[in-house]
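Engineer: Numbering (our numbering), first residue to last: 69 to 532.
Before I ask anything, here is the structure I am working with.
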């Protein structure tokens, strides 16, 4: 009788942070940077990250005589702008190609296990992790993954993955948006070099190898996760089990985001009000401001967009009275709106004065990703019929479980987010006048979009 082996794939999505998330005191800083020292003892390959030009610090261009060095500043600013645009322009390689996946998965990803709970995840980081899993799979196991990802071939998947990674990478001092990927391999298992090389070149995945029974190897893995999610998901990471001897490999992808609002909320305009949650009412700190801006509406919800400094934006979607967020996900209207063209959204929008009241929130969520993926038609990789022959000649390799954690935090300064996934292989009506009240005092949806316009993180706030 053949032994069945488990392969662990850990995908850190997110968070948003997502870990969606948090608005920290330095939301626009580069955040904690990964420390390669923790991985050196096990590293086979560590990918080189893009070298971005730094955002210019205006104060550093003030000369000793008090005169501002405008020429020097302009030169550094131009270099920064060109570097940023070079990253962002890579989004053209996947324009429209992820819409099918995003529409197909939104309702499933944002349905909490218990009705009325909050939900949050990073759909793009889950996409990246599943794409890497598809690289290791073969036959119908791979095809199920490609079908969900909306890809016609593994070659198309590679091209989209690399462009997605680069378009969403930013670590220049103005904002932080970092994806990372790694493979943590059992030293007693032989892996196929071709797929490891592909994962390194196309997905920028580092490779580490060690003794799965050694607690130090598990600790290095968890340290990598914490450092690449800015410590935002430390509780979730700490709760992960250590590797066991049956683990063939862990595959991890992470995302960390931190940025400041273009227009900050003033702390002296934050005060306690009631949030009418799905389960019960609760006091919450609401941030207030009145601004001239674009207000959007559809048949069942209204929406506003809050931009970050040079780093995408956050959509806030408020369902009409009597309409819950789940119904907007189920009928597809929320994702149709988010993924719609600029021109389409503008047809149902108006420039008005908006009295805005946004609750500060810190949303964490955990998802049994195996159940979710099986409901979406991806089941073979969790079974004894799984085909991971592109990864190893070892027979009986399968994914034993999969879970996803995410966290998003919002305050007056901005937003910070992170998320991770673990796999074990074993309208509102048109505004009547020029003034609109937009008060998020009942369950609502949010979507943190990158400069490519796609939701890097999204979620539902049902309760505060």
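We treat Cβ as the ideally placed atom computed from N, Cα and C, and that holds for glycine.
1. By the three-class DSSP mapping on this structure, what secondary structure does residue 524 have?
2. Where does residue 323 land, buried or exposed, given buried means 16+ other C-beta within 10 angstroms?
3. Which residue wins for smallest C-alpha separation from residue 409, given the options 159, 182, 521 and 186?
4. Which whole runs of the alpha helix (DSSP H) in the stretch 387-432 are 4 residues long or more, in chain order?
5. Contact check, residue 509 vs residue 371 under 8 Å by CB: the rounded distance?
6. Could you tell me how far apart the beta carbons of residue 516 and residue 382 are, in whole angstroms, since I believe they sit closer than 8 Å?
7. To the nearest whole angstrom, what separates the beta carbons of residue 417 and residue 363, a pair I think is in contact under 8 Å?
8. Count the other CB atoms, across all protein chains shown, that sit within 10 Å of the CB of residue 203; report buried if there are 16 or more and exposed otherwise.
9. According to DSSP, is residue 90 part of a helix, a strand, or is it coil?
10. Between which residues of its own chain and residue 528 is the CB-CB distance below 6 Å, once the five residues before and five after are set aside?
11. Buried or exposed: residue 236, going by 16 or more other Cβ atoms within 10 Å of its Cβ?
12. Would you call the stretch 246-254 in contact with the stretch 188-203, where contact means no fewer than 3 C-beta pairs closer than 8 Å?
13. Hey, quick one: how far does the alpha helix (DSSP H) through residue 199 stretch, first residue to last?
14. Quick check on the DSSP output: the alpha helix (DSSP H) that includes residue 531 runs from which residue to which?
15. For residue 232 and residue 147, I'd like the C-alpha separation in whole angstroms.
16. With DSSP run on the structure shown, which of helix, strand or coil describes residue 222?
17. In angstroms with no decimal places, state the Cα-to-Cα distance between residue 450 and residue 201.
18. Ignore the nearest five residues each way along the sequence and tell me which others in residue 532's own chain have a CB closer than 8 Å to its CB.
19. Which complete beta strand (DSSP E) runs does the stretch 268-313 hold, if anything under 3 residues is left out?
20. By Cβ distance, which residues of its chain are closer than 6 Å to residue 140, with the 5 residues on each side in sequence left out?
21. Keeping to the same chain, check which residues put their C-beta closer than 7 Å to that of residue 377; ignore five residues upstream and five downstream.
22. Looking only at C-alpha atoms, which of 138, 238 and 185 sits nearest to residue 157?
23. Have a look at residue 315 and residue 125 and give me their C-alpha separation to the nearest angstrom.
24. Starting from the C-beta of residue 337, find all residues in its chain whose C-beta is less than 8 Å away, skip the five residues before and the five after it, and write them out in chain order.
25. Please classify residue 519 as buried or exposed, where buried requires at least 16 other C-beta atoms within 10 Å of its C-beta.
26. Whole angstroms are fine: how far does the CA of residue 281 sit from the CA of residue 388?
27. Is it right to say residue 445 is buried, meaning 16 or more other beta carbons lie within 10 angstroms of its own, or is it exposed?
28. Could you give the DSSP three-state label for residue 141: helix, strand or coil?
29. Does the beta-carbon of residue 91 have 16 or more other beta-carbons within 10 angstroms, so that it is buried, or is it exposed?
30. In terms of residue numbering, what span does the beta strand (DSSP E) encompassing residue 353 cover?
31. Output yes or no for whether 9 Å exceeds the beta carbon distance between residue 530 and residue 304.
32. Compute the Euclidean distance between the alpha carbons of residue 411 and residue 306, then round it to the nearest angstrom.
33. Tell me which residue opens and which closes the alpha helix (DSSP H) that residue 167 is part of.
34. Do residue 152 and residue 120 have their C-beta atoms closer together than 9 Å?
Structural biologist: Looking at the coordinates:
1. In the structure shown, residue 524 sits in a strand (DSSP, three-state: E or B).
2. Burial call: buried.
3. The option with the nearest alpha carbon to residue 409 is 521.
4. List check, alpha helix (DSSP H) in window: 393-398, 401-407 and 410-415.
5. In fact, because the Cβ distance is near 16 Å, the residues do not count as touching under 8 Å.
6. At roughly 5 Å, the Cβ-Cβ gap stays under 8 Å, so residue 516 and residue 382 are in contact.
7. At roughly 6 Å, the Cβ-Cβ gap stays under 8 Å, so residue 417 and residue 363 are in contact.
8. By the neighbour-count rule (16 or more Cβ atoms within 10 Å), residue 203 is buried.
9. Annotation note: pLDDT 20 at residue 90 (below 50); position unreliable, no value reported.
10. Counting only Cβ-Cβ distances below 6 Å, and skipping sequence neighbours, we find 178, 187, 393 and 513.
11. Under this definition residue 236 is a buried residue.
12. The stretch 246-254 is in contact with the stretch 188-203.
13. Where residue 199 is concerned, the enclosing alpha helix (DSSP H) starts and stops at 191-204.
14. No alpha helix (DSSP H) contains residue 531, which DSSP labels as neither H nor E.
15. Rounded to the nearest whole angstrom, the CA to CA distance from residue 232 to residue 147 is 22 Å.
16. In the three-state reduction of the DSSP assignment, residue 222 falls in the helix class, which pools H, G and I.
17. Cα-Cα distance, rounded: 12 Å.
18. Only residues of its own chain outside the window of five on either side were considered, and among them 343, 345, 350, 352, 427 and 429 have a CB closer than 8 Å to the CB of residue 532, listed in chain order.
19. List check, beta strand (DSSP E) in window: 273-278.
20. If we look at residue 140 and ignore the five residues flanking it on each side, its Cβ neighbours are 129.
21. Short of 7 Å from the beta carbon of residue 377, and not among the five residues preceding or following it, lie these beta carbons of its own chain, in chain order: 96, 242, 243, 327, 328 and 330.
22. Closest by alpha carbon: 238.
23. Residue 315 and residue 125 have their C-alpha atoms spaced approximately 47 Å apart.
24. In the same chain as residue 337, and ignoring 5 residues on each side of it, the C-beta atoms closer than 8 Å to its own belong to 355, 356 and 357, in chain order.
25. Buried, because 16 or more other Cβ atoms sit within 10 Å of the Cβ of residue 519.
26. Put simply, the backbone Cα of residue 388 is about 54 Å away from that of residue 281.
27. For residue 445, the number of other beta carbons within 10 angstroms of its own is below 16, and it is reported as exposed.
28. If DSSP states are grouped into helix, strand and coil, residue 141 belongs with the helices.
29. Unreliable placement is indicated for residue 91, whose pLDDT of 29 sits below 50; no coordinate value is reported for it.
30. From DSSP, the beta strand (DSSP E) with residue 353 extends over 349-365.
31. Cβ distance not < 9 Å, so residue 530 and residue 304 don't count as in contact.
32. Rounded to whole angstroms, residue 411 to residue 306 spans 46 Å at the Cα level.
33. 167-177 is the span of the alpha helix (DSSP H), which, as asked, contains residue 167.
34. Taking the C-beta atoms as reference points, residue 120 is found nearer than 9 Å to residue 152.
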